[in-house]
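First comes the structure, then the notes that go with it.
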Ligand SMILES: Nc1nc2c(c(=O)[nH]1)N[C@H]1C(S)=C(S)[C@@H](COP(=O)(O)O)O[C@H]1N2
Ligand SMILES: [Mo]
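Residue numbers (my numbering): 2 to 421.
If you want it as structure tokens, here you go:
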């Protein structure tokens with residue numbers, strides 16, 4: 002049966018959500034048209050670029066200046082060393098964060114660590130303590146994995162009484178995804194020989210913050226790596242050059258940068274960074290420590306705050322989804338404030354503990370709508386509504402904020418952040 006425009010425009014939920022077929026075929030085009038058309042027949046004349054040689058070669062490429070400014074979102078801070086810059090998620094496509102746009106979180110600046118003198122010590126409850134130079138680690142077997150990294154404080158303003166008006170990157174950009182290459186931590190721990198009573202590993206960075214976190218041995222032996230490369234090149238200084246701990250699916254804080262020491266222990270160290278901070282105050286007043294795994298989450302990037310809609314009609318709702326527990330199973334989107342939902346397309350790759358792109362066909366009728374997305378991961382965990390997330394924690398909680406988010410589009414196409 003031939004495809005008809007009508008088939009591709011099949012509504013699947015309220016607010017103009019359309020069947021995913023509308024994304025996969027040109028049905029939308031035949032039913033109204035997104036292309037500018039052939040009025041001018043410009044194809045017949047050669048563009049100016051064809052009439053003279055192009056620019057010369059270069060050692061390092063840059064983005065096209067006319068593609069617009071794409072920069073990390075950098076706050077102005079009273080103390081230069083501490084703080085964070087965010088990935089401008091709403092300006093990027095696909096799932097991989099270019100290295101220069103990976104978010105940064107430093108507790109006391111970026112140390113200048115020389116690979117020639119930097120060493121990684123593995124000691125504590127081991128058969129033989131080991132000291133690795135950078136060049137030693139370069140000789141070990143490597144593996145590459147595409148993994149997200151998210152600060153546990155990401156999206157923390159969702160707890161505020163009134164919705165903070167900011168771009169998707171401002172609100173959620175303590176999140177990036179890269180192809181990390183390095184040495185499996187289990188390889189190094191096996192070589193050191195783990196004592197039977199060992200249960201935890203304490204990681205320490207070579208920065209003046211002395212970032213120190215305790216990680217369960219089970220995580221270190223599972224899929225942890227000592228990352229040396231980021232999207233094909235040596236780690237950037239901001240990301241921990243020459244080496245960092247990289248714990249897939251775990252809160253960013255524990256992926257200690259400029260890693261210099263791993264101490265195998267029977268119990269956690271209860272360091273400053275895991276007691277005074279990075280612990281969660283629950284609704285009943287108790288504190289949850291070592292809540293390391295990042296929850297299932299999604300966020301709509303198109304449209305989002307700052308990217309207003311210019312005209313009614315067909316378009317794509319698109320965003321990112323991820324879970325610290327594994328792969329994403331599905332993302333549902335609502336265009337009527339949660340009254341009805343339809344399943345979005347996951348336009349692969351759909352990798353465990355990595356960002357996944359979702360897309361939903363949509364016909365905006367030009368009226369006010371509220372857009373939401375809700376992710377489910379392969380363990381069956383579902384992204385909670387904001388009310389459910391708030392109920393779990395005591396006042397002031399900003400960590401592990403994975404609640405459903407909502408964008409309101411008004412009749413003029415302006416997008417604002419709302420609580421639905
Ligand atoms: N040594 C050290 N490691 C660190 C930090 C730090 O300040 N010092 N910040 C942590 C925090 S809170 C996060 S969210 C991640 C951020 O990694 P990125 O800057 O590569 O994005 O690094 C973690 N590792
Ligand atoms: Mo963080």
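Yeah, the Cβ is synthetic: ideal placement off N, Cα and C, and Gly gets one too.
If you're wondering where the values come from, they're calculated on a predicted model, not measured in any experiment.
Indicate whether at least one CB of chain B lies closer than 8 Å to the CB of residue i.
i, result
"residue 14", "Here chain B cannot be found, since the structure has a single protein chain."
DSSP three-state call for residue i: helix, strand or coil?
i, result
"residue 87", "strand"
"residue 178", "strand"
"residue 159", "helix"
"residue 406", "coil"
"residue 420", "coil"
"residue 371", "strand"
"residue 309", "coil"
"residue 415", "coil"
"residue 171", "helix"
"residue 422", "An answer regarding residue 422 cannot be provided, because it is not within the stretch 2 to 421 covered by the chain."
"residue 153", "coil"
"residue 68", "helix"
"residue 99", "coil"
"residue 128", "coil"
"residue 22", "helix"
"residue 427", "With the chain covering 2 to 421 only, the question about residue 427 has no answer from this structure."
"residue 63", "coil"
"residue 321", "strand"
"residue 52", "coil"
"residue 93", "coil"
"residue 211", "coil"
"residue 239", "helix"
"residue 17", "helix"
"residue 107", "strand"
"residue 144", "strand"
"residue 289", "strand"
"residue 196", "coil"
"residue 1", "The chain is shown only over 2 to 421; residue 1 falls outside these bounds and no answer can be derived."
"residue 113", "coil"
"residue 295", "coil"
"residue 316", "strand"
"residue 165", "coil"
"residue 183", "strand"
"residue 283", "strand"
"residue 228", "strand"
"residue 383", "strand"
"residue 401", "coil"
Can you tell me where the alpha helix (DSSP H) with residue i in it begins and where it stops?
i, result
"residue 390", "387-393"
"residue 276", "273-276"
"residue 222", "218-223"
"residue 253", "First-last for residue 253: undefined, no H or E at that position."
"residue 122", "Residue 122 -> not in any alpha helix (DSSP H); beta strand (DSSP E) instead, spanning 120-125."
"residue 138", "135-138"
Hey, could you find the ends of the beta strand (DSSP E) residue i is sitting in?
i, result
"residue 203", "201-206"
"residue 189", "No beta strand (DSSP E) holds residue 189; the alpha helix (DSSP H) holding it covers 186-193."
"residue 12", "12-14"
"residue 299", "298-303"
"residue 80", "First-last for residue 80: undefined, no H or E at that position."
"residue 266", "260-266"
"residue 245", "245-247"
Looking at residue i and ligand 3, is the gap between the Cβ and the nearest heavy atom below 7 Å?
i, result
"residue 384", "Looking at this structure, you won't find ligand 3 anywhere; what it does contain is ligand 1 and ligand 2."
With ligand 2 as the reference, list in chain order each residue whose Cβ lies under 5 Å from any of its heavy atoms.
106, 152, 253 and 254
Decide yes or no for the touch test of the stretch 175-193 against the stretch 101-109: beta carbon pairs closer than 8 Å, at least 3 of them.
yes
Contiguous beta strand (DSSP E) assignments of at least 3 residues, all confined to the stretch 323-375:
329-335 and 357-365, all fully within the stretch 323-375.
Pair every Cβ in the stretch 183-197 with every Cβ in the stretch 253-261, then say whether three or more of these pairs are closer than 8 Å.
no
Cβ pair count under 8 Å reaching 3, the stretch 393-400 against the stretch 152-159
Yes, the stretch 393-400 touches the stretch 152-159.
Okay, do the stretch 262-275 and the stretch 295-303 touch, 3+ Cβ pairs below 8 Å being the bar?
no
Is the stretch 216-234 in contact with the stretch 79-89, if contact means three or more CB pairs nearer than 8 Å?
no
Count Cβ pairs between the stretch 11-27 and the stretch 329-349 that sit closer than 8 Å; are there 3 or more?
yes
Three or more beta-carbon pairs under 8 Å between the stretch 388-397 and the stretch 357-369, yes or no?
no
Does the stretch 107-116 come close enough to the stretch 73-83 that 3 or more CB-CB pairs lie under 8 Å?
yes
Stretch-stretch touch, CB-based, cutoff 8 Å, three pairs: the stretch 317-326 with the stretch 347-361:
yes
Could you say if the stretch 347-357 and the stretch 140-150 meet the contact criterion of at least three C-beta pairs nearer than 8 Å?
yes
Evaluate the contact criterion for the stretch 268-283 versus the stretch 305-313: three or more CB pairs, one atom per stretch, below 8 Å.
Under the 8 Å Cβ criterion, the stretch 268-283 does not count as touching the stretch 305-313, having fewer than three qualifying pairs.
Looking at C-beta atoms only, is the number of pairs between the stretch 111-130 and the stretch 195-204 that lie closer than 8 Å three or more?
yes
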